[in-house]
Amino acid sequence: MADMAFSRARFGRADIRLPDPVPAHPLLDGLPEIGRGEYSIVLALPDGARVRKVVSSPADHFFLTADDRPRGIHFPTVFADHGVIGRARSGALMHLLELERLEPLAAHAEAAAQAERLQTAYWQACLGFARLGADMGRIALFHLIESPPPLPDTLIAALCALSDFIEAYQVRPDILSEGNLMARADGTLVFSDPVFLG
Ligand SMILES: Nc1ncnc2c1ncn2[C@@H]1O[C@H](COP(=O)(O)OP(=O)(O)O)[C@@H](O)[C@H]1O
Ligand SMILES: [Mg+2]
Numbered sequence: 003m004a005d006m007a008f009s010r011a012r013f014g015r016a017d018i019r020l021p022d023p024v025p026a027h028p029l030l031d032g033l034p035e036i037g038r039g040e041y042s043i044v045l046a047l048p049d050g051a052r053v054r055k056v057v058s059s060p061a062d063h064f065f066l067t068a069d070d071r072p073r074g075i076h077f078p079t080v081f082a083d084h085g086v087i088g089r090a091r092s093g094a095l096m097h098l099l100e101l102e103r104l105e106p107l108a109a110h111a112e113a114a115a116q117a118e119r120l121q122t123a124y125w126q127a128c129l130g131f132a133r134l135g136a137d138m139g140r141i142a143l144f145h146l147i148e149s150p151p152p153l154p155d156t157l158i159a160a161l162c163a164l165s166d167f168i169e170a171y172q173v174r175p176d177i178l179s180e181g182n183l184m185a186r187a188d189g190t191l192v193f194s195d196p197v198f199l200g
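In this note's numbering, the protein residues as written are 3 to 200.
Encoded structure:
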């Protein structure tokens, strides 16, 4: 894990949080905020199974709403797209989505072990392609698909789907930042927030 802490520190964005207040909106009234990143705010619905997510990054919006977004057990299930609900201080539109509630990776769970294997191999590949600058992550992902670490076939297939999406939408992978890989209640590793605009 020391390597991972290093890689996150190197990315240097771990502590940046969207500064905006939760937008005033009837679908958000009274919901507790349970997560916040650089571009998104996540609020829990009372049923414990779903969340509402305010996303201000076009990359996240494409990832969660595009017809050809990656699907399958390792990607979040999206129940509703409530459309644009405002504009962030950054100038970006805020979209409101409803999706399944996911959990942080629990320390000794299989999903955490898979994430560790995946992230370690990805980070090693990134180091090998650091000279490519902005293309580093995309190329490291190709490399990972060509020579995958020991992971279930479903996860390798999900990496392929993720890579196809990244190429089609000209976005970049971020499978290292805290909270971008999460787990479903049944223990499945989920790529919750694997792309950014760059
Ligand atoms: N579906 C979800 N269910 C529960 N919490 C979530 C969910 N998606 C994200 N979160 C929490 O919200 C935080 C920010 O979400 P994330 O998708 O990483 O946003 P950003 O685009 O700002 O990085 C995550 O680190 C995680 O703790
Ligand atoms: Mg994130």
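Ideal Cβ positions, reconstructed from N, Cα and C, are used throughout, including at glycine. All values derive from a computational prediction rather than experimental measurement.
Inset, instruction - Report yes if the C-beta distance between Met184 and Val192 is below 8 Å; otherwise report no. - result: In the sequence shown, residue 184 corresponds to position 182, counting from 1. In the sequence shown, residue 192 corresponds to position 190, counting from 1. Contact check for Met184 against Val192 passes: the beta carbons are separated by less than 8 Å.
Legend entry - Gly139 beta carbon near ligand 3 (any heavy atom closer than 7 Å): Ligand 3 is not part of the structure shown, which contains ligand 1 and ligand 2 as its ligands.
Inset, instruction - Taking Thr190 as the reference, give the member of Phe167, Leu153, Ser165, Asp31 with the closest Cα. - result: Locating residue 190 in the sequence shown gives position 188, where the first residue counts as 1. Relative to Thr190, the option among Phe167, Leu153, Ser165, Asp31 whose CA is nearest is Leu153.
Inset, instruction - Compare the Cα-Cα distances from Asp49 to each of Thr122, Leu101, Phe77 and report the closest residue. - result: To locate residue 49, count along the sequence shown from 1; it is residue 47. The shortest CA-to-CA distance from Asp49 to any of Thr122, Leu101, Phe77 is the one to Leu101.
Legend entry - Uninterrupted alpha helix (DSSP H) stretches inside the segment 85-163 (no shorter than 4 residues): Those alpha helix (DSSP H) runs which fall completely within the segment 85-163 and span 4+ residues are 112-130, 138-148.
Legend entry - Nearest to Ile43 (by Cα), restricted to the options Ala160, Ala127, Ser58: Taking the first residue of the sequence shown as position 1, residue 43 is located at position 41. It is Ser58 whose Cα lies nearest to the Cα of Ile43.
Legend entry - Member of Asp31, Asp188, Leu99 whose CA lies at the smallest distance from the CA of Phe64: The residue you call residue 64 lines up with position 62 of the sequence shown. That would be Leu99, whose Cα lies nearest to the Cα of Phe64.
Inset, instruction - Kindly indicate which three-state DSSP category Leu20 falls into: helix, strand or coil? - result: Position 18 of the sequence shown, counting from 1, holds the residue named residue 20. Of the three classes helix, strand and coil, the one that applies to Leu20 here is coil, per DSSP.
Legend entry - Nearest-angstrom Cα separation, counted from Phe198 out to Ile36: Taking the sequence shown and counting its residues from 1, the one referred to as residue 36 is at position 34. Taking the sequence shown and counting its residues from 1, the one referred to as residue 198 is at position 196. If I take the Cα positions, the gap works out to 21 Å.
Inset, instruction - Using a threshold of 8 Å, state whether the C-beta atoms of Cys162 and Ile147 are closer than that. - result: As a working mapping, residue 162 is identified with position 160 in the sequence shown. As a working mapping, residue 147 is identified with position 145 in the sequence shown. Contact: yes.
Legend entry - Boundaries of the beta strand (DSSP E) in which Phe231 is found, first to last residue: Past the boundaries of the shown model lies residue 231; the chain is included only from 3 to 200, so the question cannot be answered.
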